[in-house]
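Colleague: Questions regarding the structure given below will be posed in turn.
In structure tokens, the structure reads:
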């Protein structure tokens, strides 16, 4: 579990409320979403705080990735509460989640999305090679189930709303597909549910995955990757999940498409990509 106490943290400035963080000057803002989502602010040189929402799962995933991967991942310096608490945050009855912020080190670099379309073919090849090595390393980690790195069910925003979040980890991909089938049946027809889920293979490997490995979460200096951020969606997923998220239409650009073609040579799995995009959009709209 990421530490929430220790001598190193005694010198850290830590908030007592959301208002403390909201009152920081605009120049301290590192990332501000356009609508909802978590915000990131700089509180000291090399130190940032991410807040808004239940961040317990991200704290667990950051700690797991930091321990198992050679790529640089933000090191958690402090967080309130128990990140391994079995009970999920229920906003209907709890004002704040247990882990309502994460204080962590800031990784230098700019978002890959800001520069990738200016890269030369050699720079794109360099980026592709580094991401390919990262994926190989992640796939070497034993995946005991489909679910959280903590051993339980997924606790991220891909699996919502609160009332029907998974209650346990799954041992088979068919269990994951059945979960989505049940959700789709709450507002759709059997024919629609079967058609939308039919393209997902049920016999592929399960890997440790970032869950949102796209240019906005990859930091670079030149074409060198300095770190991977935003591990809020990470966990153990079927192989197709990371692939489809990396190819999601909302994340594409000329440079990123070229990088993906180098990482994944051969025909694109367009039906799978479109199906996962539709599935997430449909659930978000209807639930």
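Numbering (the numbering used here), first residue to last: 242 to 528. Ideal Cβ placement from N, Cα and C applies to all residues, glycine included.
Distance, Cα to Cα, residue 437 vs residue 512?
Modeller: Taking the first residue of the chain shown as 1, we reach residue 437 at position 196. Taking the first residue of the chain shown as 1, we reach residue 512 at position 271. Straight-line Cα distance between these residues: approximately 10 angstroms.
Colleague: Classify residue 361 as helix, strand or coil using the three-state DSSP reduction.
Modeller: Along the chain shown, read from residue 1 onward, the residue named residue 361 stands at position 120. The answer is coil: DSSP assigns residue 361 none of H, G, I, E or B.
Colleague: So within the segment 353 to 431, which uninterrupted alpha helix (DSSP H) runs reach at least 4 residues, ignoring any that extend past its ends?
Modeller: If we require 4 residues or more, the alpha helix (DSSP H) runs fully inside the segment 353 to 431 come out as 353 to 356, 362 to 380 and 414 to 425.
Colleague: How is residue 246 classed by DSSP in three states: helix, strand or coil?
Modeller: Your numbering for residue 246 matches position 5 in the chain shown. Unreliable positioning characterises residue 246 in this predicted model, as indicated by a pLDDT of 40, which lies under 50. A coordinate reading is not provided.
Colleague: Are residue 296 and residue 342 close, meaning C-beta to C-beta below 8 angstroms?
Modeller: Looking up residue 296 in the chain shown gives position 55. Looking up residue 342 in the chain shown gives position 101. Against a cut-off of 8 angstroms, the Cβ pair of residue 342 and residue 296 comes out as a contact.
Colleague: Using three-state DSSP, classify residue 336 as helix, strand or coil.
Modeller: Taking the chain shown and counting its residues from 1, one reaches residue 336 at position 95. Reduced to three states, the DSSP call for residue 336 is coil.
Colleague: Buried or exposed: which applies to residue 249, given that a residue is buried once 16 or more other Cβ atoms fall within 10 Å of its Cβ?
Modeller: Stepping through the chain shown from its first residue, residue 249 is reached at position 8. In this prediction, residue 249 has a pLDDT of 49, which is less than 50 and means its spatial position is unreliable; nothing more can be read from the coordinates.
Colleague: Among the residues of its own chain, which have a CB less than 6 angstroms from the CB of residue 525, if the five just before and after it don't count?
Modeller: In the chain shown, residue 525 corresponds to position 284, counting from 1. Result list for residue 525: empty, nothing under 6 angstroms.
Colleague: Which of helix, strand or coil does DSSP assign to residue 485?
Modeller: Sequence index remark: in the chain shown, residue 485 carries index 244 (1-based). If DSSP states are grouped into helix, strand and coil, residue 485 belongs with the helices.
Colleague: Should residue 486 be labelled buried (16 or more other beta-carbon atoms within 10 Å of its own) or exposed?
Modeller: Taking the chain shown and counting its residues from 1, the one referred to as residue 486 is at position 245. Classification of residue 486: buried, given that the 10 Å Cβ count is 16 or more.
Colleague: Mind checking which residues open and close the alpha helix (DSSP H) that includes residue 305?
Modeller: Along the chain shown, one-based indexing puts residue 305 at 64. Here the alpha helix (DSSP H) through residue 305 covers 297 to 309.
Colleague: What does residue 447 pair with, by DSSP beta-bridge criteria?
Modeller: The count along the chain shown starts at 1 and reaches residue 447 at position 206. Partner(s): 479.
Colleague: Can you confirm whether residue 381, when its beta carbon is compared against all beta carbons of chain B, has any partner nearer than 8 angstroms?
Modeller: The chain labelled as chain B is not found in the depicted structure, where only one protein chain is given.
Colleague: Which same chain residues, not among the five before or five after residue 463, have their C-beta less than 7 angstroms away from its C-beta?
Modeller: Start at 1 with the first residue of the chain shown, and residue 463 comes out as number 222. There are no such residues.
Colleague: So, with DSSP's three-state summary, where would you put residue 290?
Modeller: Mapped onto the chain shown, residue 290 falls at position 49. Residue 290 falls in the strand class under three-state DSSP.
Colleague: Tell me the rounded alpha-carbon separation between residue 400 and residue 406.
Modeller: Walking along the chain shown from the start, residue 400 turns up at place 159. Walking along the chain shown from the start, residue 406 turns up at place 165. Taking the straight line joining both Cα atoms gives about 6 angstroms.
Colleague: Tell whether a beta-carbon distance below 8 angstroms holds between residue 387 and residue 418.
Modeller: As a working mapping, residue 387 is identified with position 146 in the chain shown. As a working mapping, residue 418 is identified with position 177 in the chain shown. For residue 387 and residue 418, no; Cβs fall outside 8 angstroms.
Colleague: Residue 457 by DSSP, collapsed to three states: which one?
Modeller: By one-based count along the chain shown, residue 457 stands at place 216. Helix at residue 457.
Colleague: For the putative contact between residue 299 and residue 473, defined by C-beta atoms under 8 angstroms, what is the C-beta separation to the nearest angstrom?
Modeller: Taking the first residue of the chain shown as 1, we reach residue 299 at position 58. Taking the first residue of the chain shown as 1, we reach residue 473 at position 232. With a Cβ gap of about 4 angstroms, residue 299 and residue 473 count as contacting.
Colleague: Would a C-beta distance cut-off of 8 angstroms place residue 461 and residue 353 closer than the cut-off?
Modeller: Looking up residue 461 in the chain shown gives position 220. Looking up residue 353 in the chain shown gives position 112. Yes, the pair counts as a contact, with Cβ atoms nearer than the cut-off.
Colleague: Is it right to say residue 358 is buried, meaning 16 or more other beta carbons lie within 10 angstroms of its own, or is it exposed?
Modeller: Start at 1 with the first residue of the chain shown, and residue 358 comes out as number 117. The residue is exposed, with fewer than 16 neighbouring Cβ atoms inside 10 Å.
Colleague: Provide the residue span of the beta strand (DSSP E) that contains residue 496, from first to last.
Modeller: By one-based count along the chain shown, residue 496 stands at place 255. Run containing residue 496: none in the beta strand (DSSP E); it sits in the alpha helix (DSSP H), 495 to 504.
Colleague: In angstroms, rounded to a whole number, what distance separates the CA positions of residue 441 and residue 303?
Modeller: Mapped onto the chain shown, residue 441 falls at position 200. Mapped onto the chain shown, residue 303 falls at position 62. Cα to Cα, the separation comes out at about 28 angstroms.
Colleague: Between 294, 494, 493 and 369, which lies nearest to residue 336 when the distance is taken from Cα to Cα?
Modeller: One-based indexing of the chain shown puts residue 336 at position 95. Ranking 294, 494, 493 and 369 by Cα distance to residue 336 puts 294 first.
Colleague: Distance check for residue 459 and residue 264, CA to CA, integer angstroms please.
Modeller: Here residue 264 corresponds to residue number 23 of the chain shown, with the count starting at 1. Here residue 459 corresponds to residue number 218 of the chain shown, with the count starting at 1. Looking at the two C-alpha atoms, the distance is approximately 28 angstroms.
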